[in-house]
Each structure stands twice: as structure tokens, then as C-alpha cells.
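Visitor:
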Amino acid sequence: MAGFDDEEYVSFEEADKAPAAAMEADDPDDSDPDDDLEDAAEDEIDYVLAAYREDGQIHVQALDDELANDLDGLIEQLRRLPGDAGSLGFVSLVDEVFVILRVRGQRVQAILSDSAAAADFPIAHDVLDFLGEDIDVDDLDDEEGEPVGDLDMLTDLGLSEFELGTIVDDLDLGSDQMLGAIADRININPDFSRATEAAFRD
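Residue numbers (this note's numbering): 7 to 208.
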């Protein structure tokens with residue numbers, strides 16, 4: 007065809023491909039599912055607590071509720087605490103879901119009580135992501151959740167993986183009661199109970 011050389015044909019072909027490439031890049035299906043999750047509201051957050059031992063003394067303290075929606079921030083806060091052997095973080099949501107973190111320097115371990123909670127709460131979604139679990143929020147909506155993570159991470163503190171499973175499987179317990187039972191087994195009560203009671207009063 008007169009008026010167009012081979013180089014111009016190539017440029018037209020690239021121009022035709024460009025819109026398709028742009029559409030592919032903007033495909034909403036490729037977005038992070040976590041972006042669609044709303045943060046846990048104030049009335050959905052039971053408490054965020056940290057526990058550690060310093061010179062043999064147990065310390066349990068409340069942390070900012072905003073950390074219930076910020077896994078990275080919670081890890082960083084726990085890393086700053088002066089625990090002799092690291093620190094523990096506890097998040098309870100709607101008295102149904104809990105997250106436990108254990109931070110020792112750069113080593114971070116996590117437990118999520120209910121994998122299906124990743125469909126509702128950003129921190130649960132982020133814990134699954136941190137653990138390298140495959141995440142399909144659509145499937146999680148109808149899934150019967152199960153505890154996931156480093157389920158044996160409290161063994162050296164007195165709570166075996168089997169005992170943890172027994173606590174989490176007790177359908178008569180809310181997440182606060184589950185965490186209370188865990189606190190008993192790892193010997194951070196009554197300090198933990200006092201901190202949770204204060205959190206509920208606030």
C-alpha cells in the first residue's frame with residue numbers, strides 16, 4: 007500500500023496492542039483482595055495486648071487498638087519491647103477470632119485461630135499472607151475455618167500444639183476465653199486477665 011513503509015506498519019501494530027496491555031494492567035481481578043476489606047471497627051476490636059518477661063518478671067500491657075488492623079505495625083511494636091526472650095502479641099476480634107504473634111528479633115511466628123476470618127478482617131488476611139497460605143477470599147466466605155500457622159510455637163512455654171488445638175476446637179469458648187486459657191498454660195496469668203478486664207472496661 008502506497009504511503010506506508012514497514013516501520014510504520016510496526017508502529018500501528020504496537021499502537022493496537024497498547025490499549026489491550028493497559029486494560030490488562032488495570033484488570034481489577036489482579037488487585038490485592040486485602041484492598042477491599044474494611045478495617046475492623048472500634049466495636050469489633052476486643053483488645054490488642056503484648057506480653058513479655060524482663061528479669062523474670064511478667065509484663066502485660068495494652069497496645070493501640072489501631073494495631074488490630076496493622077500486622078506490620080504490630081510486629082514492629084512487639085520487636086521494640088525489652089523481653090528477655092522476645093515478646094507475644096494477642097489480638098481478639100468480635101470475641102470470635104484471635105491472632106497470636108511471637109517476635110524474637112527478626113524471627114516472627116504467628117497463629118490465626120480461624121482461617122475463614124481472612125474474608126472479613128485485614129489482619130487475618132495479612133497473617134495468612136505472611137504464612138504463605140493460598141488466599142481465595144471468595145472461597146473463604148463459605149469455608150469452615152481452622153487454626154493455621156506455627157501451632158507449636160508456644161510448646162517451650164508450656165502449651166503443646168495438641169493442647170492449643172483442643173482449646174480452639176471448643177465451640178463453647180469465645181476468643182477472649184480461648185486466649186485466657188492459653189495465658190493460663192503459658193503462665194502469664196493473672197497479669198493477662200487483669201489487662202483484658204481493663205481493656206473491656208475501656
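Think of the CB as a built atom: it goes at the ideal place given N, C-alpha and C, for glycine as much as any other residue. Values in this document were obtained by computation on a predicted structure and should not be read as measured data.
Return helix, strand or coil for residue 173, following the three-state DSSP convention.
Guide: Three-state DSSP puts residue 173 in a helix.
Visitor: Should residue 42 go down as buried or exposed, given a rule of 16 or more other Cβ atoms within 10 Å for buried?
Guide: exposed
Visitor: Check residue 81 in the structure and name its three-state DSSP category.
Guide: helix
Visitor: Taking contact to mean 3 or more Cβ pairs, one atom from each stretch, closer than 8 Å, check whether the stretch 93–102 and the stretch 172–186 are in contact.
Guide: yes
Visitor: Hey, how far is the Cα of residue 175 from the Cα of residue 195?
Guide: A straight line joining the alpha-carbon of residue 175 with that of residue 195 spans about 22 Å.
Visitor: According to DSSP, simplified to helix, strand and coil, what is residue 96?
Guide: strand
Visitor: For residue 191, write down the residues that DSSP places opposite it in a beta bridge.
Guide: BP columns for residue 191 are empty, so no partner.
Visitor: Taking DSSP's pairing of strands, which residues face residue 90 in a bridge?
Guide: 92
Visitor: In chain order, what residues of the same chain lie with their CB nearer than 7 Å to the CB of residue 193, ignoring the 5 residues before and after it?
Guide: 164
Visitor: Sort out for me which residues DSSP pairs residue 137 with in a bridge.
Guide: Answer by DSSP bridge pairing: none, since residue 137 is not bridged.
Visitor: Within the same chain, show all residues whose beta-carbon is closer than 6 Å to that of residue 158, passing over the 5 residues directly before and after it, in chain order.
Guide: 167
Visitor: Between residue 108 and residue 94, how many whole angstroms is the CB-CB distance? I'm expecting something under 8 Å.
Guide: Contact between residue 108 and residue 94 holds, with the beta-carbon distance rounding to 6 Å and staying under 8 Å.
Visitor: Is the beta carbon of residue 66 less than 8 Å from the beta carbon of residue 205?
Guide: no
Visitor: Indicate the three-state DSSP secondary structure (helix, strand or coil) for residue 27 in the structure shown.
Guide: Its pLDDT being 46, under 50, residue 27 is placed unreliably by the model, and nothing is read from it.
Visitor: Look at residue 64 and residue 56 and say whether their C-beta atoms are less than 8 Å apart.
Guide: no
Visitor: Buried or exposed for residue 83, going by 16 or more other Cβ atoms inside 10 Å?
Guide: A buried status is given to residue 83, since no fewer than 16 other beta-carbon atoms sit within 10 Å of its beta-carbon.
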